[in-house]
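Below: the structure, in structure tokens.
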Amino acid sequence: MRQASILYFCVGILALLSDTWVQAEDPYRYYTWTVTYGTRTVLDRPQTVILINGRFPGPNIECVTNDNIIVNVINKLNEPFLITWNGIKQRRTSWQDGVLGTNCPIPPGSNWTYKFQTKDQIGTYIYFPSTAMHKAGGGFGGFNIASRSVISIPYPIPVAEFTLLISDWYRAGHQALKQNLDRGKALPVPDALLINGLSKGASFTGEKGKTYRFRISNVGISTSINFRIQGHTLTLVEVEGSHTMQEVYNSLDVHVGQSVTVLVKFNSAVKDYYIVASSRFTKPILTTTALLRYAGSNTPPSLPLPIGPTYHVHWSMKQARTIRLNLTANAARPNPQGSFHYGTIKVVKTLVLANTAEKINGKLRYAVNGISYVDPSTPLKLADWYNIPGVFSLNSMKTTPVNTPAVLGTSVVGTELHDFVEIVFQNNENTIQSWHLSGTSFYVVAYGDNVWNPSMRKRYNLLDAVSRYTVQVYPTAWTAIYVSLDNKGMWNLRSAIWARRYLGQQLYVRVWNDERSLYTETDPPPNTLFCGLAKRP
């Protein structure tokens, strides 16, 4: 009897420990997304769009720091397809990044399952198609990562939150836009702006006296957008995973591919108010509206619309410089964001990247330091991992601007794991640029006019520059960033302005060391797709 009691006691302890271990594992969130074409009247006539589970825009992902995300994407389009996770760090696994340099596309009529973790991240992000010009047709959505309950946030918890996807839109549709680009024609000014896929009619309701969190992302393909709310101010609290100093704005510029989070207090009279999104740096200026509604309101919004900035570039640059990191706030962990003293770290490599619009073989292309990127049939990551020759040459692109005519090529910059790198984006064109780096965030240390030179470093913000994944570069100007390349893999550095990226304004950064270890990089996933020279018999 005594032996039986001891046995039951041991079994009970093991069951308790087993339950503890299960609970200790980070949660899993499973999604099945079916991608199809569908017809929607987005503007004034029906057109073909890309739907996810019949929805345009696609469903938002709502998760918590360290959650494991499993997304089974079923491609029912008639062409290959991929989704990329804009700003999600993909720690140690660029295999899941969802771009043609790291993944074979999902063939029509088949599926592929993404598996990754929102490791040590919080904040507002987006996902969208990375193949062809699919992003211009839809397939995008919000990706919101909440803090764990045991980690405080540096502001009172709002009563609720709203996700706003602001974007430009073209009547022509993504296939016609692609055909025109393939013929060498530049992308025209868009026809309209949308809020959550609507040119009008979106609304967001709250109660007087309460504060709400607005997660705002620019999911467009070409246009910077100014956001504002009639009769209300915007308190900026987070930018792409970084808590910011809580500056108050009447309006905010959100550039292509960027995400911000603001607090809005419903502290005006009980009625309806206009939410306004207007284009920046376009002629004519495009404007669309949604409604901010007070619960119990019977009064429609009244004109005039709140005034936004006009073409003023320097107004936008000044505003960008006011966005600073909150050094005392934690992010995904209890330690303060400012504990990483980026301004004291020695830079081991400087890249100065100049974008140009040029004619190659009689057709418009976009280049970086004289090379207009062309995706090889074999993903770079597969070629690198399996030592497949002839796909790319490391460091074939110059790390400073060149004065020679651009050529087609496959640019890969070689770096070592944990290199601390300075990147200067030099924009000699009269149009605004937007750049995104996959795999890791970077510190935006300076914006400047004209041409960068080393003496500009004395202007850098080496204390509280905001950390983000996507940054704008103003016309005939430059932007400087610092980045700690602490995530091993093959990472896409690209124009977020999609026509430019499609026509060559991108490259890859290979973050490497000679250690083969799961602590620094995972092996290829069991469901890896193979194509090109990596295709298996």
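Just so we're aligned: the sequence shown equals residues -24 to -1, 1 to 513 in mature numbering (1 follows the signal peptide of the UniProt record, and there is no 0). The beta carbon of each residue, even a glycine, is placed where N, CA and C say it ideally should be. All values reported here derive from a predicted model rather than from experimental measurement.
Alpha carbons only, please: which of the options is nearest the one belonging to residue i?
i	options	result
Tyr349	Ala382, Thr320, Gly338 and Lys52	Ala382
residue 514	Pro285, Tyr436, Glu405 and Lys186	Outside the displayed range of the chain (-24 to 513) lies residue 514, so it cannot be described from this structure.
Thr187	Val240, Asn79 and Ile64	Val240
Arg444	Met109, Ile457 and Thr69	Ile457
Ile59	Asn44, Ile102 and Thr41	Ile102
Pro282	Met293, Ala330, Thr265 and Asn194	Thr265
Thr498	Arg486, Gln481, Cys507 and Lys464	Lys464
Leu461	Cys39, Ile399 and Asn503	Ile399
Val449	Asn406, Thr286 and Gly34	Asn406
Val195	Asn36, Gly508 and Asn403	Asn36
Arg297	Leu76, Leu494, Trp61 and Gly424	Gly424
Leu279	Arg269, Gln206 and His394	Gln206
Phe418	Arg204, Gly272, His317 and Ala136	His317
Asp96	Asn243, Ile127 and Lys184	Ile127
Ser70	Trp488, Thr100 and Trp145	Trp488
Answer with buried or exposed for residue i, where buried requires no fewer than 16 other C-beta atoms within 10 angstroms of its C-beta.
i	result
Ser369	exposed
Val324	exposed
Ser255	buried
Thr391	buried
Asp43	buried
Thr(-5)	For Thr(-5), the pLDDT reaches just 34, beneath the cut-off of 50, and the residue's location in the model is therefore unreliable, leaving the point undetermined.
Ala441	buried
Gly114	buried
Lys511	exposed
Asp2	exposed
Gly63	buried
Gln409	buried
Thr376	exposed
Tyr495	exposed
I'd like to check one pair, residue j with residue i: are the Cβ atoms closer than 7 Å?
i	j	result
Asn345	Ser414	no
Thr455	Phe396	no
Ser200	Asp229	yes
Thr211	Val238	yes
residue 514	Phe119	With the chain covering -24 to 513 only, the question about residue 514 has no answer from this structure.
residue 544	Ser198	Beyond the ends of the chain as shown, which are -24 and 513, falls residue 544; an answer cannot be given.
Arg486	Arg477	no
Pro130	Asn302	yes
Ser179	Arg269	yes
Asn503	Thr107	no
Thr247	Thr209	Inspection of the sequence shows that residue 247 is occupied by Lys rather than by Thr. Against a cut-off of 7 Å, the Cβ pair of Thr209 and Lys247 comes out as no contact.
Asp351	Leu163	no
Pro105	Arg189	no
Residue i and residue j look like a contact to me (Cβ under 8 Å); what is the Cβ gap, rounded to whole Å?
i	j	result
residue 514	Leu157	Residue 514 lies beyond the stretch modelled for the chain, which goes from -24 to 513, so this question has no answer here.
Ser123	Thr41	6 Å
Lys52	Thr12	5 Å
Ser218	Gln66	Wrong, their Cβ atoms sit about 18 Å apart, outside the cutoff.
Leu479	Ser387	Contact flag wrong, Cβ pair sits at about 14 Å.
Met466	Thr78	6 Å
Leu169	Ile142	7 Å
Pro33	Phe116	6 Å
Val289	Trp428	That pair is no contact at about 17 Å.
Under a CB-based cut-off of 7 Å, is residue i close to chain C?
i	result
Leu169	Note that chain C does not occur in the displayed structure, where there is just one protein chain.
request  = Scan the segment 126 to 198 and note each continuous beta strand (DSSP E) run of 3 residues or more that stays entirely inside, going in chain order.
outcome  = Note on the segment 126 to 198: whole beta strand (DSSP E) runs with a minimum of 3 residues are 136 to 145, 168 to 171, 179 to 182 and 187 to 194, in chain order.
inquiry  = Could you tell me which whole beta strand (DSSP E) segments of length 3 or greater appear in the segment 338 to 385?
reply    = With a minimum length of 3 residues, the unbroken runs of beta strand (DSSP E) contained wholly in the segment 338 to 385 fall at 339 to 344, 347 to 349 and 383 to 385.
request  = Scan the segment 400 to 426 and note each continuous alpha helix (DSSP H) run of 4 residues or more that stays entirely inside, going in chain order.
outcome  = The DSSP assignment places no complete alpha helix (DSSP H) segment of no fewer than 4 residues inside the segment 400 to 426.
ask   = Residue ranges of each beta strand (DSSP E) run of no fewer than 3 residues wholly in the segment 24 to 106, ordered along the chain?
value = Segments of the beta strand (DSSP E) lying fully in the segment 24 to 106: 37 to 40, 44 to 51, 59 to 62, 86 to 93 and 99 to 105.
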